[in-house]
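Residue numbers (full-length UniProt numbering): 1 to 80.
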């Protein structure tokens, strides 16, 4: 298993055992992971309810972080 961002993310959730299944199912980037729902967790093999809740909460935080960053975008314009 090569180390990548999804592995590191799952490691912070204390769920690194799912890393290979995530990557094998196409979840090799956090942008893609933001789309994970229950059918995806079924396909990946995340069956433990506590693990599913932990992943859903982490996905929610990923989405919130993306919204915060998007809200910080601005354009610099020269002063007249």
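Built from N, CA and C at the ideal position, the CB exists for glycine as well. Source: prediction; values computed, not measured.
Segment limits, alpha helix (DSSP H) that includes residue i
{"i": "residue 39", "result": "38-44"}
{"i": "residue 10", "result": "5-12"}
{"i": "residue 48", "result": "No alpha helix (DSSP H) contains residue 48, which DSSP labels as neither H nor E."}
{"i": "residue 29", "result": "Residue 29 -> no alpha helix (DSSP H), and no H or E assigned at all."}
Residues near residue i in its chain [Cβ-Cβ closer than 8 Å; skip 5 each side]
{"i": "residue 13", "result": "54, 55, 58"}
{"i": "residue 34", "result": "59, 62, 63, 66"}
{"i": "residue 30", "result": "5, 6, 9, 62"}
{"i": "residue 27", "result": "6, 33, 36, 40, 44"}
Closest residue to residue i among the options (Cα-Cα distance)
{"i": "residue 96", "options": "5, 4, 16, 64", "result": "As shown, the chain starts at 1 and ends at 80. That puts residue 96 outside it, with no answer to give."}
{"i": "residue 60", "options": "49, 44, 43, 37", "result": "37"}
{"i": "residue 42", "options": "29, 64, 18, 62", "result": "18"}
Neighbourhood of residue i by C-beta, 7 Å cutoff - its chain only, sequence neighbours within 5 removed
{"i": "residue 51", "result": "15"}
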